[in-house]
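Chains as they are written, first to last, in this note's numbering: chain A, 317 to 573; chain B, 46 to 298; chain C, 300 to 577.
Just below is one structure, and these are the notes that go with it.
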Amino acid sequence: MRALNGVNLDVGAGERVAVIGPSGAGKTTLLRLIATALRPTSGALNVLGGDPWRLDRGGLRRLRACIGMVHQAPPIPPRQRVVTAVLAGRLGRWPFWKGLSSLIYPVDIAGARAMLARMQIADKLFERCDRLSGGQLQRVGVARVLYQQPDLILTDEPVSAVDPALSDHVIGELNREAIARGVTLVASLHAVDLALHWFPRIVGVKAGEIAFDLPPVRITDDMLRDLYASESTVVPTQAGEPLSMPAPGIRRKPLCS
Amino acid sequence: MRRAHALVVMLLLLAAWASFAYLALDFGQLFSAEAGAQMVKYVVSFFPPDLSADYLAQTWRGTLETIAISAIGTLLAAVLGLLLALPASGRFGVVPRVIARLILNFLRSIPELVWAALMVFAAGLGPFAGTLALAWHTTGVIGRLFAETLENAPPEPAQALRVSGSRPALAFLYGTMPGVVPQLVAYSLYRWEINIRMAAILGFVGAGGLGQMLYMSLSLFQQPQAMTIILAMLALVALVDAASAWLRQHLVD
Amino acid sequence: MRSEAAIIPLRDPAALPRLGLTLLIVVLLWPGFTLAEFDLGVLFDPRNREIMGKFLGTFFPLELSADFLRLLLKSTLETLAIATAGMTIAMAVALPLSFMVTRSLSISRIGPGPGRWSGRAARVPPRFTLMFFRSIPEILWALLFVRAVGLGPAAGVLAIGITYGGMLGKVYSEIFESGDTRPAVALLETGSGRLAAFGYGMWPVALPEIVSYTVYRWECAVRASVIMGFVGAGGLGQQMELSMRMLSGGEVSTILLVFLLLVVLADTVSALLRKVTA
Numbered sequence: 317m318r319a320l321n322g323v324n325l326d327v328g329a330g331e332r333v334a335v336i337g338p339s340g341a342g343k344t345t346l347l348r349l350i351a352t353a354l355r356p357t358s359g360a361l362n363v364l365g366g367d368p369w370r371l372d373r374g375g376l377r378r379l380r381a382c383i384g385m386v387h388q389a390p391p392i393p394p395r396q397r398v399v400t401a402v403l404a405g406r407l408g409r410w411p412f413w414k415g416l417s418s419l420i421y422p423v424d425i426a427g428a429r430a431m432l433a434r435m436q437i438a439d440k441l442f443e444r445c446d447r448l449s450g451g452q453l454q455r456v457g458v459a460r461v462l463y464q465q466p467d468l469i470l471t472d473e474p475v476s477a478v479d480p481a482l483s484d485h486v487i488g489e490l491n492r493e494a495i496a497r498g499v500t501l502v503a504s505l506h507a508v509d510l511a512l513h514w515f516p517r518i519v520g521v522k523a524g525e526i527a528f529d530l531p532p533v534r535i536t537d538d539m540l541r542d543l544y545a546s547e548s549t550v551v552p553t554q555a556g557e558p559l560s561m562p563a564p565g566i567r568r569k570p571l572c573s
Numbered sequence: 046m047r048r049a050h051a052l053v054v055m056l057l058l059l060a061a062w063a064s065f066a067y068l069a070l071d072f073g074q075l076f077s078a079e080a081g082a083q084m085v086k087y088v089v090s091f092f093p094p095d096l097s098a099d100y101l102a103q104t105w106r107g108t109l110e111t112i113a114i115s116a117i118g119t120l121l122a123a124v125l126g127l128l129l130a131l132p133a134s135g136r137f138g139v140v141p142r143v144i145a146r147l148i149l150n151f152l153r154s155i156p157e158l159v160w161a162a163l164m165v166f167a168a169g170l171g172p173f174a175g176t177l178a179l180a181w182h183t184t185g186v187i188g189r190l191f192a193e194t195l196e197n198a199p200p201e202p203a204q205a206l207r208v209s210g211s212r213p214a215l216a217f218l219y220g221t222m223p224g225v226v227p228q229l230v231a232y233s234l235y236r237w238e239i240n241i242r243m244a245a246i247l248g249f250v251g252a253g254g255l256g257q258m259l260y261m262s263l264s265l266f267q268q269p270q271a272m273t274i275i276l277a278m279l280a281l282v283a284l285v286d287a288a289s290a291w292l293r294q295h296l297v298d
Numbered sequence: 300m301r302s303e304a305a306i307i308p309l310r311d312p313a314a315l316p317r318l319g320l321t322l323l324i325v326v327l328l329w330p331g332f333t334l335a336e337f338d339l340g341v342l343f344d345p346r347n348r349e350i351m352g353k354f355l356g357t358f359f360p361l362e363l364s365a366d367f368l369r370l371l372l373k374s375t376l377e378t379l380a381i382a383t384a385g386m387t388i389a390m391a392v393a394l395p396l397s398f399m400v401t402r403s404l405s406i407s408r409i410g411p412g413p414g415r416w417s418g419r420a421a422r423v424p425p426r427f428t429l430m431f432f433r434s435i436p437e438i439l440w441a442l443l444f445v446r447a448v449g450l451g452p453a454a455g456v457l458a459i460g461i462t463y464g465g466m467l468g469k470v471y472s473e474i475f476e477s478g479d480t481r482p483a484v485a486l487l488e489t490g491s492g493r494l495a496a497f498g499y500g501m502w503p504v505a506l507p508e509i510v511s512y513t514v515y516r517w518e519c520a521v522r523a524s525v526i527m528g529f530v531g532a533g534g535l536g537q538q539m540e541l542s543m544r545m546l547s548g549g550e551v552s553t554i555l556l557v558f559l560l561l562v563v564l565a566d567t568v569s570a571l572l573r574k575v576t577a
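What follows is the structure, given as structure tokens:
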């Protein structure tokens with residue numbers, strides 16, 4: 317059983333792409349492949365200029381330091397404090413002694429706080445992660461990747477537990493970060509409305525294959541319904557309300573970033 | 046009873062009879078009236094215990110020495126145990142795992158008292174031997190438990206850090222350690238409690254503390270002094286039991 | 300024009316308590332190193348290799364002469380005999396005491412009638428005796444018996460008998476109380492004596508568990524017998540102590556090896572017996 321089959325995807329530097337599709341379609345697998353967390357069983361992979369699996373250990377480590385992945389369930393030890401979790405984003409860049417000393421006393425409290433402020437949870441700076449709600453923890457995960465300042469940002473359903481107003485803000489922040497620093501952003505999203513609103517390029521994935529790869533204006537309601545047909549009759553949105561579909565024939569306005 | 050049962054019981058009875066025969070114990074002499082009277086006289090000579098200020102001060106020092114032996118020994122064991130647990134949990138491959146587990150098993154299999162005798166033999170009389178003995182044995186016990194804890198720790202946090210470019214050692218410290226440290230600390234404290242009791246006894250073979258004082262006083266036929274030490278041992282154990290019960294209640298957070 | 304608010308550097312609130320705790324632990328442990336006569340410098344001594352070499356050198360090469368091995372065989376058999384004989388005495392001590400302590404055989408607890416409090420009171424002395432036997436470390440018992448009856452296996456047998464008697468007694472009474480007590484209680488209610496109720500109502504039910512636990516404890520007794528030997532109670536332990544006094548490190552290593560093998564053997568036998576009687 318293949319998770320992905322015949323996927324041909326070309327993302328240029330600085331592009332912002334949203335990946336949508338039903339659960340089990342292969343979105344997470346795709347992201348993990350790009351993040352070099354998984355090896356492809358066949359085909360060629362080129363990330364940030366080269367085939368990651370041909371690099372030696374040091375080279376792979378340096379490459380990975382330039383790739384930031386936001387997980388749907390942030391992999392943070394429960395008792396760890398938010399400040400330490402965020403600062404861990406730069407472990408790939410820091411010398412060994414710096415990483416070690418940050419365990420004893422956080423080396424960049426101001427920096428961590430700034431990222432958390434962008435996620436609107438600066439007040440949780442010294443809180444233990446197991447005392448946070450699911451949505452708050454997800455935002456900590458995003459803050460960590462923002463702190464990492466990678467050249468390639470990957471996100472796997474980063475706001476699934478965040479309430480609709482805040483989630484719009486978070487996706488907005490990710491987009492603003494990508495535009496401001498000129499870095500690439502590939503975001504897998506469960507909420508189609510967020511994808512259509514923020515991203516100039518949408519890739520639909522279904523059953524391990526790419527169903528479509530289009531800008532939002534060219535995507536029709538039928539394509540969306542077809543994409544999610546296996547999962548439900550309605551297209552998923554962050555607030556759970558039906559996707560505001562314009563009348564057929566009217567094109568969607570392009571995003572003027 | 047099943048046939049196998051009956052057979053086993055007969056075998057056990059046979060083994061019991063054979064043991065007594067082999068040892069050729071003269072129970073007649075053991076349980077004679079004369080031996081009984083002697084034993085009574087011996088027991089009576091323990092009372093009253095020596096409660097002079099001078100001897101109590103000595104006993105107090107012995108108690109502190111016992112506690113120190115157990116504390117330092119357990120601390121060493123926690124450090125060594127953690128170091129050995131890293132390979133023993135399979136982190137560095139199959140061969141280190143096998144070797145580390147072999148070492149831990151060897152350390153564990155030798156009882157503390159045998160270790161104490163060995164250490165007295167190799168390093169001389171006194172609390173140093175006792176500390177080493179507790180350290181060796183407890184390393185085996187604690188190391189095995191630490192290895193199991195590490196094996197069962199969720200790998201995702203450390204994996205995620207490595208995927209973002211972190212060195213394996215730092216990924217371990219940031220991703221795995223925070224999850225296992227509470228358990229490690231709790232188990233070390235538990236072992237310390239057990240080791241306090243052990244430290245008191247190790248002195249019997251010359252490894253310092255209250256045990257050594259007790260052995261000496263019994264050898265010199267100073268029964269009242271011996272009684273003082275026995276009372277001190279019982280008091281120490283009771284205090285440790287109470288303290289650990291109190292701590293357990295107040296640290297459940 | 301926007302004015303930037305001054306960025307106040309935040310301090311880690313956990314830093315001070317952590318520092319305090321660390322200092323406290325260091326302050327408490329520091330004199331401990333002195334008391335334990337543990338010289339930390341030893342760990343970093345450049346001559347360590349030499350010291351380690353000397354250390355290990357005392358234990359090698361192993362003493363493997365035929366005479367010595369014959370002596371060891373005798374000592375091993377003696378240890379096994381001490382453990383087995385000791386366990387037999389322990390059972391003889393434990394059974395009556397646990398019988399007296401078991402509440403399920405208490406006639407006074409069945410239904411209304413006098414004697415409830417005196418029944419309870421009567422259980423205290425045997426319970427206390429069992430506890431007393433258990434609480435004193437076995438090596439201390441061994442030492443006392445060596446003083447009382449002289450060097451040799453007799454002291455070991457008695458020490459095991461008493462200590463393990465206390466241990467077994469407690470567990471036997473728990474087995475009696477936790478098993479199916481209805482047959483015994485039924486017999487008591489129809490007026491049979493306690494002994495009969497025990498023999499017909501309780502014993503058949505409890506026997507497998509009792510045998511299993513006793514055999515399991517026998518394995519511990521083997522280890523304990525070796526340890527008691529260090530204070531003169533016979534067996535392998537006494538042999539090792541002799542070798543140490545004669546400074547024969549090679550002999551000590553051989554005995555250690557034999558001890559480890561003995562432990563494995565006892566473990567296997569014990570597991571086998573328990574499997575068969577399960």
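Just so it is clear, CB atoms sit at the ideal spot from N, CA and C, and this is done for glycine as well.
Name, please, each residue of chain C whose Cβ falls closer than 7 Å to the Cβ of residue i.
i, result
"residue 544 (chain A)", "In chain order: nothing, as chain C lies at least about 44 Å away."
"residue 411 (chain A)", "Result: empty, since nearest Cβ-Cβ is about 21 Å, beyond 7 Å."
Go ahead and pull the three-state DSSP assignment for residue i.
i, result
"residue 325 (chain A)", "coil"
"residue 503 (chain A)", "strand"
"residue 366 (chain A)", "strand"
"residue 542 (chain A)", "helix"
"residue 192 (chain B)", "helix"
"residue 469 (chain A)", "strand"
"residue 484 (chain A)", "helix"
"residue 518 (chain A)", "strand"
"residue 397 (chain A)", "strand"
"residue 474 (chain C)", "helix"
"residue 266 (chain B)", "coil"
"residue 250 (chain B)", "helix"
"residue 526 (chain A)", "strand"
Which chain A residues are close to residue i, counting only those with a beta carbon under 8 Å from its beta carbon?
i, result
"residue 309 (chain C)", "425, 426, 429 and 441"
"residue 312 (chain C)", "442"
Between residue i and chain B, is there a C-beta pair that is closer than 8 Å?
i, result
"residue 392 (chain A)", "yes"
"residue 404 (chain A)", "yes"
"residue 362 (chain C)", "no"
"residue 377 (chain A)", "yes"
"residue 539 (chain C)", "yes"
Cβ closer than 8 Å: which chain B residues qualify as neighbours of residue i?
i, result
"residue 352 (chain A)", "208"
"residue 419 (chain A)", "218 and 219"
"residue 385 (chain A)", "205, 208 and 209"
Counting only C-beta atoms, is residue i closer than 8 Å to chain A at any point?
i, result
"residue 136 (chain B)", "no"
"residue 128 (chain B)", "no"
Listing by chain order, which chain C residues have their CB less than 8 Å from the CB of residue i?
i, result
"residue 552 (chain A)", "In chain order: nothing, as chain C lies at least about 39 Å away."
If we cut at 8 Å on Cβ distances, does residue i have a partner in chain E?
i, result
"residue 84 (chain B)", "No chain E appears in this structure, whose protein chains are A, B and C."
At the 8 Å Cβ level, is residue i part of the contact set with chain C, yes or no?
i, result
"residue 154 (chain B)", "yes"
"residue 612 (chain A)", "No statement about residue 612 (chain A) is possible, as the shown extent of chain A runs from 317 to 573 and does not include it."
"residue 422 (chain A)", "yes"
"residue 90 (chain B)", "no"
Going along chain A, which residues have a C-beta under 7 Å from residue i?
i, result
"residue 238 (chain B)", "The contacting residues do not exist; residue 238 (chain B) stays about 24 Å from chain A at best."
Output, in chain order, the set of chain B residues within a Cβ distance shorter than 9 Å of residue i.
i, result
"residue 438 (chain C)", "158, 246, 249, 250 and 256"
"residue 380 (chain A)", "207, 208, 209, 210 and 211"
Along chain B, which residues have their Cβ under 7 Å away from the Cβ of residue i?
i, result
"residue 331 (chain C)", "113, 116 and 117"
"residue 408 (chain A)", "209, 210 and 211"
Using a Cβ-Cβ cutoff of 7 Å, what residues of the stretch 101-117 of chain B are near chain C? List them in chain order. The residues in question are 109, 110, 113, 114, 116 and 117.
Mind listing which residues of the stretch 202-228 of chain B have their C-beta closer than 9 Å to chain C's C-betas, in chain order? Hits within the stretch: zero.
Kindly provide the ranges of any alpha helix (DSSP H) runs that are 4 or more residues long and lie completely inside the stretch 411-450 of chain C, ordered along the chain. Counting only runs of 4+ residues, the alpha helix (DSSP H) found wholly inside the stretch 411-450 of chain C occupies 415-434 and 437-448, in chain order.
If contact means a Cβ-Cβ distance below 7 Å, which residues of the stretch 491-523 of chain C contact chain B? Answer set for the stretch 491-523 of chain C: 522.
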